[in-house]
Amino acid sequence: MLTPNSWQKSSFSGGDQGDACVEVAHLAPHISIRDSKAPARATLTFPAEAFAPFVEALKDPYSARS
Numbered sequence: 001m002l003t004p005n006s007w008q009k010s011s012f013s014g015g016d017q018g019d020a021c022v023e024v025a026h027l028a029p030h031i032s033i034r035d036s037k038a039p040a041r042a043t044l045t046f047p048a049e050a051f052a053p054f055v056e057a058l059k060d061p062y063s064a065r066s
């Protein structure tokens with residue numbers, strides 16, 4: 001079960017405000033992400049082994065189309 005303490009804010013959060021980022025929670029064998037500005041809304045949950053490819057695809061959105 002995810003609790004408020006399960007979530008970690010990205011170290012790349014938007015400046016001093018910390019209001020432009022995502023939060024990540026690891027609940028083996030899955031990883032969940034959510035919008036830090038709307039934590040009560042939906043989350044995305046991935047098998048742990050799919051999380052790194054997801055992040056890489058976000059960095060280079062055109063790589064998935066090749």
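Under the working numbering, read the sequence shown as residues 1 to 66, first letter to last.
Where is the CB? At the ideal position from N, CA and C, for every residue including glycine.
What residue ranges within the segment 29-58 form continuous beta strand (DSSP E) runs of no fewer than 3 residues, ordered along the chain?
Segments of the beta strand (DSSP E) lying fully in the segment 29-58: 30-35, 44-47.
Alpha carbon to alpha carbon, what distance is there between V24 and A84?
With the chain represented from 1 up to 66, any question about residue 84 goes unanswered, as that position is not in the structure.
Chain-order list of residues whose beta-carbon lies under 8 Å from that of A28 (same chain, five-residue window excluded)
Excluding the 5 residues flanking it on each side, A28 has same chain C-beta neighbours closer than 8 Å at A48, in chain order.
Contact check, F46 vs H30, beta carbons under 8 Å
A contact, by the Cβ cut-off of 8 Å.
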